Amino acid sequence: MLQDFTDISSISESQLTEEEALQLADELSAKLSEGEIPRSDAESLNRMVAGLGDARGALRLTFAKSLGAIGDEALPILCKALRQHQNVIVRRASAKTLNLIGNKDALPYLLEAFLEDDDPVVLGSSAGAMATIGPDAMDSLLGILKNPDCTPFQVGLVNLALSFIGAKAPEALLEAADSDVAEVRVAAISALGDQIQKSDDLRAKNRVFQALDDSSAEVRAEAVTLIGKSCDAEDVENMLSRKLVDQDTQVRKNTAMALMKLEAFNTIESIEAAKSTEKDKSVQAVFSVAINILSRDLEEKQESE
């Protein structure tokens, strides 16, 4: 666990002058180039964190690398800066530096920042730091999706983080895919899809196939899209064709697009049949696009053979 913050002086408004920041950055650069770890006393840490607010990106990077080299001893002050500093640039840089360190003890503070900070860069960097922490961050990330106030932007960041972690925690993803919360299942299925593309994981593939019949239309729509990105047409065209008459319009649209991307020429008649009974004009339009492109590509293919 992190040490109590009471032994570290307040840094909520700390800052360095341009000259002080430049001098400190030069000193730290020299230490780093010699393979020397910077000092980690309270005053030194305070000055480096204050330097994270400098307008010059190269200097901020030097301070971040220095704090990253210090590692765990810098966690308390970085977590405090992430949550309390008035300068948003410092909060952003603190999250990015915590990403460099990758210590799970920072999770509660990264989670708070992700849920409560109003700056999108802080949110993105906090999500990235949680992803770097790896499987230990899975419960925190999945828990965010259960929050009814979670925004679409936050959901997108969580999905990216889970995809990054996926290969390191396949069992956790498979378990999450069976969650009672639809948003969690969507995120898990999305991450499994990324895993299929990278490693052709058979269990992950079968779980995504199973999601085609999920009770949630959002899960089904995600599964259809992922299958279209990560599988071979001959392996999935029959199961996907069934979703052309799914009760949800988005699932039907995604299915036609997936078949088109897969170049599933054998499904042209199935899409035409589904279009003939389709009542939603927006779905009809997507079906028409899929039919036209598949027919055109098939013709070109046959001419080239």
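Numbering (numbering that gives the first Met the number 0), first residue to last: 0 to 304. Just so you know, even glycine gets a beta-carbon here, dropped at the ideal spot from N, CA and C. Predicted, not measured: the structure shown is a model, and the values here were computed from it.
Look at A54 here: in three-state DSSP terms it is coil, with no helix or strand label. From the listed residues Q22, E236, S162 and K252, the smallest Cα separation to R59 is found for Q22.
According to the DSSP assignment, D117 belongs to no alpha helix (DSSP H), since it is labelled neither H nor E. Distance check between I270 and each of E262, Q249, K260 and S240 places S240 closest, using alpha-carbon atoms only. Ranking E302, D193 and E236 by CA distance to the CA of S229 puts D193 first.
In the DSSP annotation of this structure, the continuous segment of the alpha helix (DSSP H) that includes S281 starts and ends at K280 to S303. D179: not part of any alpha helix (DSSP H); DSSP gives it neither H nor E. Judged by DSSP in its simplified three-state form, G34 adopts coil rather than helix or strand. In the DSSP assignment, V218 falls within the unbroken alpha helix (DSSP H) covering A216 to S229.
Of all C-beta pairs linking the segment 65-77 to the segment 112-125, fewer than three are shorter than 8 Å, placing the two stretches out of contact.
Contact check for L243 against T254 passes: the beta carbons are separated by less than 7 Å. When the five nearest sequence neighbours on each side are left out, the beta carbons in the same chain lying within less than 7 Å of the beta carbon of M238 are those of F208 and L211, in order along the chain. In this structure, A128 lies away from L161, with their beta-carbon atoms at least 7 Å apart. Membership of C78 in the alpha helix (DSSP H) is indicated by the continuous run L74 to Q83.
K95 places its beta carbon 7 Å or farther from that of S125. Buried is the label assigned to P37, since at least 16 other Cβ atoms lie within 10 Å of its Cβ. The alpha helix (DSSP H) runs of length 4 or more contained entirely in the segment 127-185 are, from start to end of the chain, 137-144, 151-164 and 169-175.
Distances from the alpha-carbon of E233 to those of A222, E221, D245 and T266 put T266 closest.
DSSP places L243 in no alpha helix (DSSP H); its state is neither H nor E. By the beta-carbon neighbour count (other beta carbons within 10 angstroms, threshold 16), L201 is exposed.
In this chain, the alpha helix (DSSP H) harbouring A203 covers L201 to Q209.
Cβ-Cβ distances below 7 Å link M259 to A289, I292 and L293 in the same chain, with the five nearest sequence neighbours on each side left out; the list follows chain order.
When the Cα atoms are used, L225 and D53 turn out to be separated by approximately 42 Å.
CA-CA distance, N86 to S275, rounds to 59 Å. Note that the C-beta distance between A92 and A73 is not below 7 Å.
Taking the Cα of F163 as reference, the smallest distance to any Cα among Q196, T150 and P147 is reached at Q196. Here DSSP, grouped into helix, strand and coil, assigns Q196 to helix.
In the DSSP assignment, N265 falls outside any alpha helix (DSSP H), carrying neither H nor E. Excluding the 5 residues flanking it on each side, V223 has same chain C-beta neighbours closer than 8 Å at L211, L239, K242, V250, N253, T254 and A257, in chain order. Between A187 and A175, the C-beta gap is smaller than 7 Å, which places the two residues in contact.
Residue state for Q249 is assigned as helix, using DSSP reduced to three classes.
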